[in-house]
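In what follows, a single structure is set out as structure tokens and then discussed.
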Amino acid sequence: MMMARKQDVRIPTYNISVVGLSGTEKEKGQCGIGKSCLCNRFVRPSADEFHLDHTSVLSTSDFGGRVVNNDHFLYWGEVSRS
């Protein structure tokens, strides 16, 4: 009798791309779109942890540079949940 091999259980991996308007208040207005909030919901241990006001990790000069203008991608991190 041949025993069936136990299959490896794979944890699902999700790649999420968030596209939206970035820039200074002059360009996008006072309200952001919520790109950071959406990314944080996937990366942080507490999915609903949210701070209305948060400082951008990008400087104003970054918005006109290669990082934001489709030459590079911003990496938020990786998370595994069961």
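Taking the numbering used here, the leading residue of the sequence shown gets 8, the next gets one more, and so forth. Every residue, glycine too, gets a C-beta built ideally from N, C-alpha and C.
Nearest-angstrom Cα separation, counted from residue j out to residue i
i: Asn15; j: Glu85; result: Correcting the residue identity first, residue 15 is Asp in this sequence and not Asn. Taking the straight line from one Cα to the other gives about 21 Å.
i: Arg51; j: Lys33; result: 30 Å
Nonlocal neighbours in the same chain, by C-beta distance under 8 Å from residue i, ignoring five residues either side
i: Val25; result: Lys42, Leu45 and Cys46
i: Ser87; result: Ile18
i: Tyr21; result: Phe49
Span of the alpha helix (DSSP H), counted from its first residue to its last, around residue i
i: Val50; result: Lys42 to Val50
Cβ separation of residue i and residue j, assumed to be a contact under 8 Å, to the nearest whole Å
i: Phe91; j: Ile18; result: In the structure displayed, the chain extends from 8 to 89; residue 91 sits before or after that span and is not available.
Distance cut-off 7 Å: residue i Cβ against heavy atoms of the ligand SAM
i: Ser43; result: No copy of the ligand SAM occurs in the structure displayed, which carries no ligand at all.
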